[in-house]
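**Student:** Quick one: the structure is below, and I'll ask about it shortly.
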Amino acid sequence: MLQKLNLVVLQIFIVLSLSGQTKSTGQISGTIVEKGNGNSVEYASIQLLKVSDQTPVEGTITDTKGNFSITNVAFGEYNLAVSFIGFENFISPVISLSKIQPTINLGKILLETSTVAVEEVVVEGKRSTYTQTIDKKIFSVGTDLTSSTGSVSDLMQNIPSLQVDMEGNVSLRGSENVQILINGKPSAMMGKNRAMVLQQLPANSIERIEIITNPSAKFKPDGTAGIINLILKKERKEGFNGTLTGNVGNKNRYNSSMALNYHKGGLNLYGSYGLRLDRRDRYSKDNRIETDSLTGERSYMFQSIDSRARPTSNIGQLGFEWEINDKNAIEASANFNYMTFLREDTTLTQNWDQNQVFTSKYNRYRHDDEYEREIEMAAKYTRKIGEDQEFSIDFTHNVQKEQEDNKFSNKYLIPVLPDSKDNTLIWQASNQNLLRVNYLRPSGKDAELELGYELEADRNDLNFKAENLVGSTWIKDKAKSNQFLFDETVHAFYATDKQTFGKFGMMAGLRAEQSIITSHLVTIDSIVPNNYFSIYPTLHTSYNFSEASQWQLNYSKRINRPEGDDLNPFPEYRDPYNLSAGNPKLKPEQIHSVETGYLFHKGANTLSATIYYRNTYNKLTEITKLIKNNTVLLTTKENLASSSSTGLEAIVNRTLSKIATVNLNFNGYFNKLDATNLGYSGSKTAFSWNTALNTNFNITKLLMVQVNSRYTSAILTPQGERQPTFIVNTGARYDLFKRKASLMLTVSDLFDTFRNRTIVNITGLHREIESRRAPRIVYLGFVYHFGSTTKNGKEPQLKYEE
830 MLQKLNLVVL QIFIVLSLSG QTKSTGQISG TIVEKGNGNS VEYASIQLLK
880 VSDQTPVEGT ITDTKGNFSI TNVAFGEYNL AVSFIGFENF ISPVISLSKI
930 QPTINLGKIL LETSTVAVEE VVVEGKRSTY TQTIDKKIFS VGTDLTSSTG
980 SVSDLMQNIP SLQVDMEGNV SLRGSENVQI LINGKPSAMM GKNRAMVLQQ
1030 LPANSIERIE IITNPSAKFK PDGTAGIINL ILKKERKEGF NGTLTGNVGN
1080 KNRYNSSMAL NYHKGGLNLY GSYGLRLDRR DRYSKDNRIE TDSLTGERSY
1130 MFQSIDSRAR PTSNIGQLGF EWEINDKNAI EASANFNYMT FLREDTTLTQ
1180 NWDQNQVFTS KYNRYRHDDE YEREIEMAAK YTRKIGEDQE FSIDFTHNVQ
1230 KEQEDNKFSN KYLIPVLPDS KDNTLIWQAS NQNLLRVNYL RPSGKDAELE
1280 LGYELEADRN DLNFKAENLV GSTWIKDKAK SNQFLFDETV HAFYATDKQT
1330 FGKFGMMAGL RAEQSIITSH LVTIDSIVPN NYFSIYPTLH TSYNFSEASQ
1380 WQLNYSKRIN RPEGDDLNPF PEYRDPYNLS AGNPKLKPEQ IHSVETGYLF
1430 HKGANTLSAT IYYRNTYNKL TEITKLIKNN TVLLTTKENL ASSSSTGLEA
1480 IVNRTLSKIA TVNLNFNGYF NKLDATNLGY SGSKTAFSWN TALNTNFNIT
1530 KLLMVQVNSR YTSAILTPQG ERQPTFIVNT GARYDLFKRK ASLMLTVSDL
1580 FDTFRNRTIV NITGLHREIE SRRAPRIVYL GFVYHFGSTT KNGKEPQLKY
1630 EE
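First residue of the sequence shown? That's 830 in the working numbering, and the numbers climb one at a time after it.
In structure tokens:
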């Protein structure tokens, strides 16, 4: 452990020891808008260039309203360069900063939509990887090497505030109860199987990731910790262009993708396809000591699982955007995901008594042929009313089917018994529909009112069919076969009002929801209704001390609803000693979340410090308990009386000369759990923390090396704790053919340190579980960009790299 911490400390020391920034005394600001309709151009790249030699001095990106500000600029003469995909590049006339004119506001800068292929403009320097608005943090992922070779799950490991375990489960500030959206909308892909999907979804399909810890009333209030919004790439270059990616990894890992785009005037057509052949080898061990409450006698059990899996995924997207005229626009898209998953497990189970005499020993072999098929279709119509009002309506329909075909065979060693076989077929289907109507209008100068309605209608069907081989005949196991239907309808109305009073900004919101939920236990013909009405207020405030620094204070009320699997009481049998089941009596979590923080942002350098508090009622938690004469372990869900977390999160994003950029994240929090309603005495309190350090080293103009490290301390659970984890990933990129292509090399878990360890201590049971994956996943990749990027075949004159 000391060596691991030394490595983190060494990287921090390197970062803090590098040179600071040059003192400067002027300021340049402005707003970037689209010529013709006046729409704000968000996240456009801004670079300030010396007139004498066109070298970059400072850089930034625009916010969601198209505004930018570059502060502390040395007096002198400059050009301002503006670049954004799908628009003509803009170079300003000479701008002179002096004692007489130290502050210059350029007003509105109009960007023209590209109508012909233009000369490529690439500025030496990088877009800031981190920006912040009044209600969210935005992380650009283009400079992350994982974005070219890995999966979205790999990519998330390098995002501050996020933690990802080896099975792909995502946590935000230590909580796994987080809602993941795609392009701002819920998706069935991000449901209960989202960990598997994130491990298969190619990272190069993501443009940026938005972290929303206190979402406004516009968003569905699900998720204790907040929202992770994945924004997919949509190319906007004029003409036809695309990107090809191919990666080869160790142990027969392969993935490739192709993205194509055609943009002409107001029409944009896009499509992508990705194929990923992965390999997931997992090794786990489970040690248990069980104590009889009456006699005090102890018994022991040890399980080891050796799992080999070969998932193959096909993920594609087709869509178009059409600006019919200045007032009307429509867009539509279709996404599909077809994944097969061949898994083979060998589980060794050994039992012995306190005299060290074996009472049983057997091997259980599993052959599992899984598939998941999903298609999602979406359409949206937008109508502009007058110059600044907007009405939109969109609809999303998702159909998902999946099947897990488990075939088990058992070989008994102690006592020696005839071999046996059993099968379990798990079939699930879901149908999800989302209708949204939204109206946006200014309510005064620097003010904005937004009103909306959402209808969500979902149905889930879960089927378990079990059978045993008796002689030569398969006999249905009625005790393990069942069907469960789960229907949920949510009507929501919301309103948000955003106001700006000089340096003070405020956004207040209110959301009202009526939830109608029905659980139908088909097998026993029982219906369990669960209807409730809730109000969710939100408040976001900010105060700008200067163009570079801001204070924020935010509040939101949130909910975490149990899913179909959480409510399904029919058990799923993994083996005779382990089963899991849902709880139809679960209540939704209710969360009050408050946070306040300070943000300093100058060019590509950002410092953010946030104090947060979350108070949760009816917290959902996973527990284990012994049943059937204390020989079988049941894993299920229960509601805790309450839970609270108080923490501090700090993020440093800094460009250090021309050599290195760094992103350092620290999150520490006190966690208090009250499980007295479950029979545990008193409350438990513990301090947990995690830190991540991501560094990019520009060895030459064409070669970049990246090192990412992450450490998570022990985390408190109602029945014990999760042990610390540590991982280091590294990679390199070399640009070819005038940056039209790149060679990539990435190595995950460089030092083979990543483990998941959990300890359970309850009356009658002490349990230690450890799981790990195959270490050092290596990928060698190649990326090639093609299409209309230059005009008349001329060489590019000035180069930008984002």
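Ideal Cβ placement from N, Cα and C applies to all residues, glycine included.
If distances are taken between C-alpha atoms only, which option among E1467, A1438, T1453 and V981 comes closest to N1482?
**Tutor:** Nearest option by C-alpha distance: A1438.
**Student:** Cutting at 7 angstroms between CB atoms, please list the residues of its own chain near T1120, excluding the five before and the five after it.
**Tutor:** For T1120, where only same-chain residues beyond five positions count, the Cβ hits under 7 angstroms are R1127 and G1593.
**Student:** Could you round the C-beta distance between E917 and E941 to whole angstroms and report it? I think they count as a contact, below 8 angstroms.
**Tutor:** Contact holds; Cβ gap of about 5 angstroms.
**Student:** Determine whether the beta carbon atoms of K1240 and N1192 lie at a separation below 7 angstroms.
**Tutor:** Yes, they are a contact pair.
**Student:** Identify every residue that forms a DSSP beta bridge with I1420.
**Tutor:** According to DSSP, I1420 bridges with R1387 and T1445.
**Student:** Should T1124 go down as buried or exposed, given a rule of 16 or more other Cβ atoms within 10 Å for buried?
**Tutor:** It is exposed - the Cβ of T1124 has fewer than 16 other Cβ atoms within 10 Å.
**Student:** Where does A1024 fall in DSSP's three states?
**Tutor:** Helix.
**Student:** Between A1207 and the rest of its own chain, which residues show a CB-CB distance below 6 angstroms, the 5 nearest in sequence each way excluded?
**Tutor:** For A1207, where only same-chain residues beyond five positions count, the Cβ hits under 6 angstroms are S1162 and T1225.
**Student:** So L1418 and N1389 are in contact, right, with Cβ under 8 angstroms, and what is the actual spacing, rounded?
**Tutor:** For the sequence presented, residue 1418 should be read as Glu rather than Leu. With a Cβ gap of about 4 angstroms, E1418 and N1389 count as contacting.
**Student:** Can you have a look at S925 and say buried or exposed, based on whether 16 or more other CB atoms are within 10 angstroms of its CB?
**Tutor:** Classification for S925: exposed.
**Student:** So, with DSSP's three-state summary, where would you put A1032?
**Tutor:** Helix, per DSSP.
**Student:** Where do the N-terminal and C-terminal ends of the beta strand (DSSP E) with S1472 fall, by residue?
**Tutor:** Taken as a continuous stretch (DSSP letters only), the beta strand (DSSP E) holding S1472 covers S1471 to L1485.
**Student:** One question on the structure: do N1373 and K1332 come within less than 7 angstroms of each other, judged by their Cβ atoms?
**Tutor:** Cβ distance < 7 angstroms, so N1373 and K1332 count as in contact.
**Student:** Are the Cβ atoms of D1503 and S1517 separated by less than 7 angstroms?
**Tutor:** Not closer than 7 angstroms, so no.
**Student:** If you drop the 5 nearest sequence neighbours on each side, which residues of the same chain put their C-beta closer than 6 angstroms to that of T1141?
**Tutor:** Answer for T1141: L1106 and T1169, listed in chain order.
**Student:** Which class does F1615 belong to by DSSP, given the choice of helix, strand or coil?
**Tutor:** Strand, per DSSP.
**Student:** When the Cα of K1080 is compared with those of V1607, G1616 and H1614, which residue comes out closest?
**Tutor:** Taking only the C-alpha atoms, the option nearest K1080 is V1607.
**Student:** Would V1357 and E1342 qualify as a contact pair, given that the criterion is a beta-carbon distance under 7 angstroms?
**Tutor:** No, Cβ-Cβ distance for V1357 and E1342 is not below 7 angstroms.
**Student:** Among D1326, L1449, P1604 and I1038, which one has its Cα closest to the Cα of G1078?
**Tutor:** Considering only alpha carbons, the answer is P1604.
**Student:** Which residues mark the beginning and the end of the alpha helix (DSSP H) in which D983 is found?
**Tutor:** Counting along the chain, the alpha helix (DSSP H) containing D983 begins and ends at V981 to M985.
**Student:** Thinking C-beta only, is R1117 closer than 7 angstroms to R1596?
**Tutor:** Yes, the Cβ-Cβ distance between R1596 and R1117 is below 7 angstroms.
**Student:** Among the residues of its own chain, which have a CB less than 7 angstroms from the CB of N1012, if the five just before and after it don't count?
**Tutor:** Once the five neighbours on either side are set aside, the close Cβ partners of N1012 are I1060 and L1061.
**Student:** Check the DSSP bridge columns for Y1282 and list the partner residues they point to.
**Tutor:** Beta-bridge pairing links Y1282 to V1266 and F1322.
**Student:** In this structure, what does DSSP give as the bridge partners for P1140?
**Tutor:** F1170, per the DSSP bridge assignment.
**Student:** Should R1202 and Y1167 be called a contact, given that it needs their Cβ atoms to be closer than 7 angstroms?
**Tutor:** Going by C-beta atoms, R1202 is nearer than 7 angstroms to Y1167.
**Student:** Could you check the C-alpha separation between F1615 and T1072 for me, to the nearest Å?
**Tutor:** Computed Cα separation, rounded: 6 angstroms.
**Student:** For R1002, which beta-bridge partners are listed by DSSP?
**Tutor:** According to DSSP, which records beta bridges pairwise, R1002 is partnered with nothing at all.
**Student:** List the residues that DSSP assigns as beta-bridge partners of T932.
**Tutor:** Note: T932 sits in a beta bridge opposite Q856.
**Student:** Mapping DSSP to helix, strand and coil, what is N1506?
**Tutor:** Helix.
**Student:** Check whether the Cβ atoms of T891 and E1376 sit closer than 7 angstroms, and answer yes or no.
**Tutor:** It is not a contact, given that the beta carbons lie outside the stated cut-off.
**Student:** Taking contact to mean at least 3 C-beta pairs separated by less than 8 angstroms, is the region 1395-1408 in contact with the region 1362-1369?
**Tutor:** In short, these stretches do not touch, since the Cβ pair count stays below three.
**Student:** Output the distance between the C-alpha atoms of S990 and N1496, rounded to the nearest integer angstrom.
**Tutor:** The straight-line gap from Cα to Cα measures roughly 7 angstroms.
**Student:** Would you call the region 1219-1239 in contact with the region 1262-1271, where contact means no fewer than 3 C-beta pairs closer than 8 angstroms?
**Tutor:** The region 1219-1239, when compared against the region 1262-1271, does touch it at the 8 angstroms Cβ threshold.
**Student:** Tell me the start and end of each unbroken beta strand (DSSP E) in the region 1167-1212 that is at least 3 residues and wholly inside, in chain order.
**Tutor:** If we require 3 residues or more, the region 1167-1212 turns out to have no beta strand (DSSP E) run fully inside it.
**Student:** In whole angstroms, what is the alpha-carbon distance linking G936 and K1209?
**Tutor:** G936 and K1209: Cα-Cα distance of roughly 32 angstroms.
**Student:** Using 7 angstroms as the threshold, is the C-beta distance between T1559 and Q992 below it?
**Tutor:** Cβ distance not < 7 angstroms, so T1559 and Q992 don't count as in contact.
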